[in-house]
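> Using this note's numbering, you'd call the opening residue of the sequence shown number 242 and step up by one each time. Cβ atoms here follow ideal geometry from the backbone N, Cα and C, with glycine treated the same way. None of the values given here were measured: they were computed from a predicted structure. Just dropping this structure here.
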Amino acid sequence: IPASVNYIDKWAFAGMNNNLECIQVENGNAKFFSKDNCLIDRSSGELILGCKNSIIPADGSVMSIGCYAFACCSDLTDVTIPNSVTNIGR
Numbered sequence: 242i243p244a245s246v247n248y249i250d251k252w253a254f255a256g257m258n259n260n261l262e263c264i265q266v267e268n269g270n271a272k273f274f275s276k277d278n279c280l281i282d283r284s285s286g287e288l289i290l291g292c293k294n295s296i297i298p299a300d301g302s303v304m305s306i307g308c309y310a311f312a313c314c315s316d317l318t319d320v321t322i323p324n325s326v327t328n329i330g331r
């Protein structure tokens with residue numbers, strides 16, 4: 242995801258989670274960052290998108306898991322939710 246992107250709709254990658262292997266945000270993006278194959282909103286700490294290779298960071302950077310963050314990710318076999326997460330969407 243380029244540094245110029247400042248909005249991503251929650252349905253932008255709908256149905257792709259199962260085939261998506263890597264999530265990377267270009268350095269310098271003021272709105273989003275990626276860590277451990279998770280797309281995270283910098284200001285809210287919301288995990289917006291995960292994929293089959295995601296590991297939810299346990300460093301306190303993720304405060305919530307957004308609606309449909311792992312939708313259609315049928316290859317997901319294990320989820321560890323860190324203590325920093327206080328809200329989980331659909």
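In angstroms with no decimal places, state the Cα-to-Cα distance between residue 327 and residue 288.
12 Å
> Who does residue 282 pair with in a DSSP beta bridge?
273
> Assuming residue 310 and residue 330 make a contact with CB atoms under 8 Å, what is their CB distance in whole Å?
Contact between residue 310 and residue 330 holds, with the beta-carbon distance rounding to 7 Å and staying under 8 Å.
> Of the residues 252, 255, 263, 270, which one's Cα is nearest the Cα of residue 244?
270
> So is residue 320 buried or exposed if we call it buried at 16+ other beta carbons inside 10 Å?
exposed
> Could you say which of 283, 300, 279, 306 lies nearest to residue 291 if we only look at CA atoms?
Checking every option, the nearest Cα to that of residue 291 belongs to 279.
> Could you say which of 315, 316, 297, 308 lies nearest to residue 275 if we only look at CA atoms?
297
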